[in-house]
Amino acid sequence: MSPEEVEAWAEGLEGCPPEEILEWALERFSPRIALACSFGVEDVVLVDMATRILPHVQIFYLDTGLLFPETYEVRDRVVDRYRPNLRRVTPQLDLHQQAAKYGEALWTRDPNTCCRLRKVEPLRDVLAEQDAWVTGIRREQSPTRAGAKVVEVDRKFGLIKVNPLAGWDSRQVWNYVHTHEVPYNSLHDRGYPSIGCAPCTRPVRPGEDPRAGRWAGFDKTECGLHG
1 MSPEEVEAWA EGLEGCPPEE ILEWALERFS PRIALACSFG VEDVVLVDMA TRILPHVQIF
61 YLDTGLLFPE TYEVRDRVVD RYRPNLRRVT PQLDLHQQAA KYGEALWTRD PNTCCRLRKV
121 EPLRDVLAEQ DAWVTGIRRE QSPTRAGAKV VEVDRKFGLI KVNPLAGWDS RQVWNYVHTH
181 EVPYNSLHDR GYPSIGCAPC TRPVRPGEDP RAGRWAGFDK TECGLHG
């Protein structure tokens, strides 16, 4: 499809409810579409929405080996609740192999390389099998995401990217969670609006940007999956 066609889709779907955007995407791209789930609040909302539309929708998560125990706990609760078609995606190198090649605790010295090895390269492999992927990014989350469209060309990975929640604010996300009793990561109740790997994520202080807790001390706000 041409960039003009994708732009027309984005314009036509802008302002539509996320469920409607999701339903359009699943009908348009199935079976070569997958939902990326980090088990943050936006992603579990999308799991709830997507499985209502297509119970066996492809869902995957990137298991870096460094996730919080609370993240694995909510993963298990999501599995118990939805019985999803869930795929665990892992890096080529385990943590011991990475340490042997790059040194111990690479994330403390070169988080960009660590993210590339543990997130970006595994994501590239799984997206090579798809025509489209669904993400939970929202414009409100950070300046780097402010221009996100509900449907766009992902030039980095070479496919269509669908962001059904792009226009929602955090209040709308949490209203959906409470209305539908969606399981969510307990770290959100302890000052973690954005949750990544445990060594690179801290609670956010009052008044800070929601992503200020990611890679604190580095000039870095994205892991490379979305920019």
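When we follow this note's numbering, the leftmost residue of the sequence shown carries the number 1, and every step to the right adds one.
Don't be surprised by glycine CBs; every beta carbon is placed ideally from N, CA and C.
These numbers come from a predicted model, not from an experiment.
Is the beta carbon of L106 closer than 9 Å to that of A100?
no
Since I believe A166 is in contact with F29 (beta carbons under 8 Å), could you give me their beta-carbon distance rounded to a whole number of angstroms?
Wrong, their Cβ atoms sit about 17 Å apart, outside the cutoff.
For N175, count neighbouring C-beta atoms within 10 Å of its own C-beta (all shown protein chains included) and say buried if the count is 16 or more, exposed if not.
exposed
Buried versus exposed call for D189 [16 or more other C-beta atoms within 10 Å across all chains shown]:
exposed
Hey, A34 and L62: beta-carbon distance below 9 Å or not?
no
What residue range is occupied by the uninterrupted beta strand (DSSP E) comprising N85?
85-89
Would you call V162 buried or exposed, if buried means 16 or more other Cβ atoms sit within 10 Å of its Cβ?
buried
Given a threshold of 16 other Cβ atoms within 10 Å of its Cβ, counted over all protein chains shown, does D8 qualify as buried or as exposed?
In the sequence as displayed, the identity of residue 8 is Ala instead of Asp. With fewer than 16 other Cβ atoms within 10 Å, it is exposed.
State yes or no: is the C-beta of V177 within less than 9 Å of the C-beta of V41?
yes
Straight-line gap, A25 to K156 (C-alpha atoms, nearest Å):
20 Å
For the region 49-63 against the region 85-93, do three or more pairs of beta-carbon atoms, one drawn from each stretch, fall closer than 8 Å, so that the two count as touching?
yes
Could you work out which residue in G158, P203, G65, Q92 is closest to L302 when comparing CA atoms only?
Given a span of 1 to 227 for the chain in the structure shown, any question on residue 302 remains unanswerable.
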